[in-house]
Structures are given as C-alpha cells and as structure tokens.
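Residue numbers (the UniProt record's numbering), protein chains in the order written: chain B, 1 to 340; chain D, 1 to 340.
Glycine included, C-beta positions come from ideal geometry on N, C-alpha and C.
Protein chains: 2
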Amino acid sequence: MEPGAAKRAEMKRPTLDVVAARAGVSKSSVSRVVNGAHTVAPEIRDLVMRAVRELGYVPNAAARNLVTRRTDAVAMVVSDPPQGVLSDDPLFSTVVRAASRELEAAGKQVVLMLAESDRSRARVESYVAAGHVDGVLLISLHGADPLPAVLARTSLPVVSFGRTAAPTVPYVDLDNAGGARLAVRHLLDRGRQRIATVTGPLDLSDARERLAGYREALGHTGRRPLVALGAFTRMSGAEAMRQLLADEPTLDAVFAANDLMAIGALRTLRESGRRVPDDVAVVGFDDIEAAAYSAPALTTVCSPMADQALTAVRLLLGLLAGRTGESVIMPNELVVREST
Amino acid sequence: MEPGAAKRAEMKRPTLDVVAARAGVSKSSVSRVVNGAHTVAPEIRDLVMRAVRELGYVPNAAARNLVTRRTDAVAMVVSDPPQGVLSDDPLFSTVVRAASRELEAAGKQVVLMLAESDRSRARVESYVAAGHVDGVLLISLHGADPLPAVLARTSLPVVSFGRTAAPTVPYVDLDNAGGARLAVRHLLDRGRQRIATVTGPLDLSDARERLAGYREALGHTGRRPLVALGAFTRMSGAEAMRQLLADEPTLDAVFAANDLMAIGALRTLRESGRRVPDDVAVVGFDDIEAAAYSAPALTTVCSPMADQALTAVRLLLGLLAGRTGESVIMPNELVVREST
DNA sequence: TCTCGCTCAGGGAACGCTCCCCGAACTTGA
DNA sequence: TCAAGTTCGGGGAGCGTTCCCTGAGCGAGA
Numbered sequence: 001m002e003p004g005a006a007k008r009a010e011m012k013r014p015t016l017d018v019v020a021a022r023a024g025v026s027k028s029s030v031s032r033v034v035n036g037a038h039t040v041a042p043e044i045r046d047l048v049m050r051a052v053r054e055l056g057y058v059p060n061a062a063a064r065n066l067v068t069r070r071t072d073a074v075a076m077v078v079s080d081p082p083q084g085v086l087s088d089d090p091l092f093s094t095v096v097r098a099a100s101r102e103l104e105a106a107g108k109q110v111v112l113m114l115a116e117s118d119r120s121r122a123r124v125e126s127y128v129a130a131g132h133v134d135g136v137l138l139i140s141l142h143g144a145d146p147l148p149a150v151l152a153r154t155s156l157p158v159v160s161f162g163r164t165a166a167p168t169v170p171y172v173d174l175d176n177a178g179g180a181r182l183a184v185r186h187l188l189d190r191g192r193q194r195i196a197t198v199t200g201p202l203d204l205s206d207a208r209e210r211l212a213g214y215r216e217a218l219g220h221t222g223r224r225p226l227v228a229l230g231a232f233t234r235m236s237g238a239e240a241m242r243q244l245l246a247d248e249p250t251l252d253a254v255f256a257a258n259d260l261m262a263i264g265a266l267r268t269l270r271e272s273g274r275r276v277p278d279d280v281a282v283v284g285f286d287d288i289e290a291a292a293y294s295a296p297a298l299t300t301v302c303s304p305m306a307d308q309a310l311t312a313v314r315l316l317l318g319l320l321a322g323r324t325g326e327s328v329i330m331p332n333e334l335v336v337r338e339s340t
Numbered sequence: 001m002e003p004g005a006a007k008r009a010e011m012k013r014p015t016l017d018v019v020a021a022r023a024g025v026s027k028s029s030v031s032r033v034v035n036g037a038h039t040v041a042p043e044i045r046d047l048v049m050r051a052v053r054e055l056g057y058v059p060n061a062a063a064r065n066l067v068t069r070r071t072d073a074v075a076m077v078v079s080d081p082p083q084g085v086l087s088d089d090p091l092f093s094t095v096v097r098a099a100s101r102e103l104e105a106a107g108k109q110v111v112l113m114l115a116e117s118d119r120s121r122a123r124v125e126s127y128v129a130a131g132h133v134d135g136v137l138l139i140s141l142h143g144a145d146p147l148p149a150v151l152a153r154t155s156l157p158v159v160s161f162g163r164t165a166a167p168t169v170p171y172v173d174l175d176n177a178g179g180a181r182l183a184v185r186h187l188l189d190r191g192r193q194r195i196a197t198v199t200g201p202l203d204l205s206d207a208r209e210r211l212a213g214y215r216e217a218l219g220h221t222g223r224r225p226l227v228a229l230g231a232f233t234r235m236s237g238a239e240a241m242r243q244l245l246a247d248e249p250t251l252d253a254v255f256a257a258n259d260l261m262a263i264g265a266l267r268t269l270r271e272s273g274r275r276v277p278d279d280v281a282v283v284g285f286d287d288i289e290a291a292a293y294s295a296p297a298l299t300t301v302c303s304p305m306a307d308q309a310l311t312a313v314r315l316l317l318g319l320l321a322g323r324t325g326e327s328v329i330m331p332n333e334l335v336v337r338e339s340t
C-alpha cells in the first residue's frame, strides 16, 4: 500500500467490481440492480444499494454507451445564422428552455449545437453521424435549410421545430396562414380600409405563410395588398414601416409578421406623429412577453411557442421509443390589446 | 456471406480494425494517424487517410472516452428557477449563444443543463461528479446558489458567469455598483431631486450590488433613498413603480436595476399620466435590444453580456488547459437615450 | 563486416460496462 | 422421495479505443 497507489485509489471513481466486492455479490448483480432489472432478490438488492451509496458509485457513461450503443443524449440543433431570426428573440429562450426541460425530465442529455455557418453545419452532421446522440431536435425556421435532409439520411430520429422541406422529417409548426388571416380579419372588423403588412424574410416558410394568409384574407375583400419586406427584427420593422408610410401615407392598419417588427413599427409610427390605434392600427404575431408592455400594448396572434416545443420533444421521444410520429400543426388565437 | 450479415455490416459504422485492414496496416497506426501523431511515415499516413475517407470512418467517442478519461464536453449549467431572472430575458439567449459559439470553436461539446429545482440540481451534481464532462460553465446570478460550492468539490474546473459565494470558483461579473453609480450620477447631473430605485430580487448579488451603488451615489448628496422591490421582470417593474408613485408622488426620477423593470415602469408612468422624461426620468440597466425600442427609448447602463460570456468561456478553457484563472470584473458604461 | 542506436509499425492489455449463458438452489407435483 | 420446472446469481466475452512495449529494419561508426 504505497502512498501513490493509495492516493490514486482515492481519486478514482469506484467501478462495478469494487461495488460488487463491497456488497459481496457479482458485478452482474450490481449491474442488474443499477439498471433496475426485476429479476433480483430484495436482499441482494438492498446489499447492492447500500454499497452503491457508501461508495458513491456512479456508472461510467462511456463504458455503458460503448456496449449498449445508446447515449441517452439528443442533440438540440439551433439552425440559424448569428444575425438570424432567433438571435435576440425571446423565441430562443422560450423554446430552448421548454424543450430542454422536457428532455431532461425524460432522462435525456441535451447537447446544444449551433448551426450558424456551413462549417458548423458540417460539424453537426459528422457529430450526429458519428452516433454521439440518439436523436435530433432541430430548431430551424429556415425552410431551405439543407440540414434536415442531411440529418434524415443518418437514419436517426429527427424532429423539427418549424416546418422543413425534407419530406421524411416530421415537424411541429404553427398555423401561420390561419393566424395571419385572424389578424387581418380583425383589422377589417375594426373598419380599417388600407391594411399593409410587414413580412419576415421570405426564405422562411413562417414568413411566407403569414404573407399568404394576409393576401388571402385581403383578397376576399377585393383590396390591394401593400407589402414591405422585413427581417423579423425590431429594426427591420421600423424600417419597413417608414417604407410603407412613404409608399402609402393614407394607410390605417399594419399587420406585422412578428411582434418584434410590430414593436419597431410602433416606434416609426410614433416618430412620424401617427397615433396608434387612432390613426393606424397595428397587429403583431407571436405574443412575446414584450407585446404586453409596448406602448400601446400590442394586439397580436398568440403562438404557443412553449407548447410547440413540448410537442416537438414528445414527438421525438416517441420516435426514440420506436413509435411513429406525424407532423403537427398547432392552432393559434388572437389576443386583442390596445393597438387596434 | 449470408444476407443478414451483409446487411449488418452495411449498417454498422466501420471500426479501427476495418480501416486498418483496408489500408493494410495495424490499428495502432490508424489510431496514430487519426490522432495526428507525428511518428508515422508519410506513405502509411496517406494510405490510412484514404481508407478513412473511403469508409467514412468516424471514431467512436464512447470507446475513446473510456480509455482517455476525457470527454471534450463541458456542461453549461443554467441555474435559475423557471420563473427566474433569465426566463424571458434576452440574457439567456445572448449568453447561451455567445458561450456556446466560443466553446464549439474550441472543439468542446456543450451539454446544456437546467438547474431549476433541487431535483434537477441533484441531477446536475451527479452528472458532473460522474465525470461526463471535463468542466462546467455555470450561469448563475443567484449568489446563494449552493451549486457552485457543490461543483467545486468535484475538483473539475468550474467557472461562473456571475459572482458566486464559493471562494474557489472563479467568476466573471459586471461592475454592478459602479454601473448603478453611473446611472444615479447621471440623474443628479440632469438636476433630478427625488430619485427612486426599483431593485431586483435581493438574493441575487447583482441586485444587491446595484442597490448598494444607488445608495452610495445618493448618500454623497444627503438625499434619502427611496426603494421599491422588484423581481427583474417587466411586471414587477410596473408594480414597483405603482408602489413608488403611491409612496412619493413627487418623485422625478427612477433607476431600475434592469431594463425589463424599467420598461415595466415606463408603462406604469404612462398609465398614471406622467410624461417621461419631462415629469419623471427613467434609467435602466443592461442595455438589452428592447431598450432602444421602448417609448421613449431607454437610457441605460450597458453591460457587455456577450463579452462577459466570452470571457467566462476563455477562463474555463484556460483552466481546462491546465492554466490558472482569476475572477474578472467587467466595466460598463452609460448609454443616454430619450428617457432622461 | 559487425554492432550499436534509433525510428517507427504491430501486438495486445486495459478501460468499465452489459448481457448471454450456464448452473445452483429452490419449489412444486406425483 | 425424486424428477421436472423455475428463479436468479456468477462467469466471462466483447464493445472500440488508446497506449505501452516489443521488435523489425536500417543507417552510421568502428
């Protein structure tokens, strides 16, 4: 028992054999107990449990993964450029937290990966292909994202938060067009005549669908659409609003494709001396917390982000458990506040 | 070559042996090449590289971790109750993304863990103690958090984003008191007489320090402090502002300990008919993006969240590389906008 | 020409776990 | 009392790496 060895033994985490020796049973039995097998006698079980507690035994994940070929980990891939939609968005926080919570509750490790560039996308691809995770939760609003298709090829379960182009990847998405129709109909009900829209970046399916909903609801009335392009950011909303006012000074309503842009639009309207809602009514989309605190408080389409995340996670957990899964479209509803 | 075996061979990822056989060398050599050892002849190297490429070989992380006892992963532990400071805060998004990006750039896997309850805290503890990660980046604003001390005992490198009570855990924090002093002095310079503050939850060191800075700056002038308790949320800011107006209708300035509460306060002021900044000046803290889009745009103390996260990550990477690390206090500066 | 030394490839043990398979012990029925 | 059946613990192979150690091969010096 020379000091070096003693110290090393101290440092080292106990293994299955050590626990088995302590409990006076075989390591097979310890393994069975640790993994909750039911074919083990209560007394042996107790013996093992006590030894585990006394030694502070924790199974070595690497060794376990090596033989089981499972990792109990899923990758949460956030596919969005640094300046993208999610960057300063409450969406990131809400979605990531809700999803993470649910995955942890199911005993899954969450490996967070950002796919912000081609380089990091390649990194994600090889990481996933290497089998370091059991499945992938893809958070991507970018319809043209090549990642879903690539990941689908790895034959690992993949679920996408937000619609994707890859046919084999089930997704959970909002009824974007329906929400937009709700918003526009509400403005029509309020007697608005000239209703403009600020869209999101049109490479995002969410943005395209919301625009389609706007056009559709307006089309029934024979009104001409009035469209300005935004980027789902406050600044782009402010900018698009300036554009709209320049193009059509007589407009009396705006549907912004998300709340951040609506908030930006409010700012421009304030600067241009327009009163909201007296002169111009504004509707947003998403119902982020800030929407209730803007001046005036924002009427908006409430999209249940956290629920959507939860649904996506449950879908993924189902796939991991061998069940099949269908894409889901979540409904949304209008929240009327002061801006209309 | 019966079909079942063929199929299984197809499904299975190639191992070191397979690559070695293909290249006509030993698995030792393949291992050396894959790990970039320099004691390998160029021709063997090329042979192996080609085999690796042809077979699409990716090392099995579990097997590698098992023998090397390293994981190349770090845990990013977000310690905050569900309704806590970070929940709908841009902080979460900004910090998590910035830290994640930097860790990925350094080739580290990011395992995201939420520590929202005692149960999940225990989970984090055992996970980290089990040696599944090489180090921990703790994101905690809760000074009394027991987690830092617990994690420090695992003898793994731990760095905290935000000050902690554990003496052995290096942290990166803001100069909270200094920032608060900046804010109050600015209000004094503007000729404000009755300056109130809305604090954060006082179990957070950030909140305590900002309050201390407020008291300190005010103390020099002989003015009485006027304090209302908030919770770092919009709603609590709105509520605290109502309280303050009831207590002291003549107040002409408010320093809110973060921007979200300042935004809430703006709302209350608007509802009560106060004009900002004419009747009441408002200063926030953090300079989140929304601060520039409130009505009126918020004067605030700019705290470099992303830089702070980056600094924390670099500190952790240093520790992982065997260097020592010192805690860092980041400076901050005042951004003057319309609300003062 | 022989030997010493050096470089560098290969063989194989070890890492800690799971799970298959065998056999001991115990129960049950005739 | 004995055979058959059932339950449940133990032995040990194998998962895919790394890395130590051995020894082959070759160049240089005597």
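Item: Distance between residue 243 of chain D and residue 183 of chain D (C-alpha atoms, nearest Å); Value: 21 angstroms
Item: Below-8 angstroms beta-carbon distance, residue 150 of chain D vs any chain B residue; Value: no
Item: Residue 102 of chain B (DSSP reduced to helix, strand or coil); Value: helix
Item: Unbroken stretches of the alpha helix (DSSP H), 4 residues or longer, contained in the segment 167 to 201 of chain D; Value: 176 to 189
Item: Pairwise C-alpha distance: residue 173 of chain B and residue 328 of chain B; Value: 6 angstroms
Item: Helix, strand or coil at residue 319 of chain B according to DSSP, with G and I counted as helix; Value: helix
Item: Spatially closest choice to residue 76 of chain D from D:112, D:233, D:146, by CA coordinates; Value: D:112
Item: Residue environment, residue 35 of chain B, which counts as buried when at least 16 other CB atoms sit within 10 Å; Value: exposed
Item: Cβ separation of residue 421 of chain D and residue 310 of chain D, assumed to be a contact under 8 angstroms, to the nearest whole Å; Value: Lying outside 1 to 340, the shown extent of chain D, residue 421 of chain D is not represented and no answer is given.
Item: Contact between the segment 278 to 285 of chain B and the segment 239 to 254 of chain B (3+ Cβ pairs under 8 angstroms); Value: yes
Item: DSSP-derived helix/strand/coil call for residue 325 of chain B; Value: coil
Item: Residues of its chain near residue 95 of chain D, where Cβ-Cβ distance is below 7 angstroms and the 5 sequence neighbours each way are ignored; Value: 139, 161, 305, 309
Item: Where residue 92 of chain D sits in the DSSP three-state scheme; Value: helix
Item: Chain-order list of residues whose beta-carbon lies under 6 angstroms from that of residue 241 of chain B (same chain, five-residue window excluded); Value: 265, 268
Item: Same chain, Cβ closer than 6 angstroms to residue 124 of chain B, neighbours up to 5 away in sequence not counted; Value: 77, 113, 115
Item: Proximity test, Cβ basis, 8 angstroms: residue 6 of chain D and chain B; Value: Model confidence at residue 6 of chain D stands at a pLDDT of 32, short of 50, so the residue's coordinates are unreliable and nothing is read from them.
Item: Validate contact between the segment 290 to 300 of chain D and the segment 201 to 209 of chain D using beta carbons, cut 8 angstroms, 3 pairs; Value: no
Item: Alpha-carbon to alpha-carbon, residue 301 of chain D and residue 334 of chain D; Value: 4 angstroms
Item: Cβ pair residue 222 of chain D, residue 262 of chain D closer than 8 angstroms; Value: no
Item: Listed by chain order, chain B residues near residue 109 of chain D by CB distance under 7 angstroms; Value: 111
Item: Neighbour flag for residue 66 of chain D against chain B, beta carbons, 8 angstroms; Value: yes
Item: Opening and closing residue of the beta strand (DSSP E) in which residue 75 of chain D lies; Value: 73 to 79
Item: Simplified DSSP assignment, three categories, for residue 263 of chain D; Value: helix
Item: Which residues DSSP lists as bridging residue 330 of chain D, in chain order; Value: D:174
Item: The segment 11 to 25 of chain D touching the segment 49 to 64 of chain D, judged by at least three CB pairs closer than 8 angstroms; Value: yes
Item: The segment 130 to 148 of chain D: positions lying closer than 7 angstroms to chain B by Cβ; Value: 130, 131, 132
Item: Residue 29 of chain D and residue 48 of chain D closer than 8 angstroms at C-beta; Value: yes
Item: Cα-Cα separation, residue 323 of chain B to residue 176 of chain B; Value: 28 angstroms
Item: Three-way DSSP call (helix, strand, coil) for residue 3 of chain B in this model; Value: For residue 3 of chain B, the pLDDT reaches just 35, beneath the cut-off of 50, and the residue's location in the model is therefore unreliable, leaving the point undetermined.
Item: Positions along the segment 246 to 276 of chain D whose CB lies within less than 9 angstroms of some CB in chain B; Value: 260, 263, 264, 266, 267, 270
Item: 6 angstroms Cβ shell around residue 231 of chain B - same chain, five flanking residues per side excluded; Value: 201
Item: CB contact below 8 angstroms: residue 229 of chain D versus chain B; Value: no
Item: 8 angstroms Cβ cut-off: residues of chain D touching residue 342 of chain B; Value: With chain B covering 1 to 340 only, the question about residue 342 of chain B has no answer from this structure.
Item: Residue 343 of chain D vs residue 99 of chain D beta-carbon contact at 8 angstroms; Value: Nothing in the structure corresponds to residue 343 of chain D, since chain D is present only between 1 and 340.
Item: Cβ-based contacts, 7 angstroms cut-off: residues of the segment 279 to 309 of chain B near chain D; Value: 289, 290, 293, 295
Item: C-alpha distance - residue 234 of chain D paired with residue 68 of chain D, whole-angstrom precision; Value: 48 angstroms
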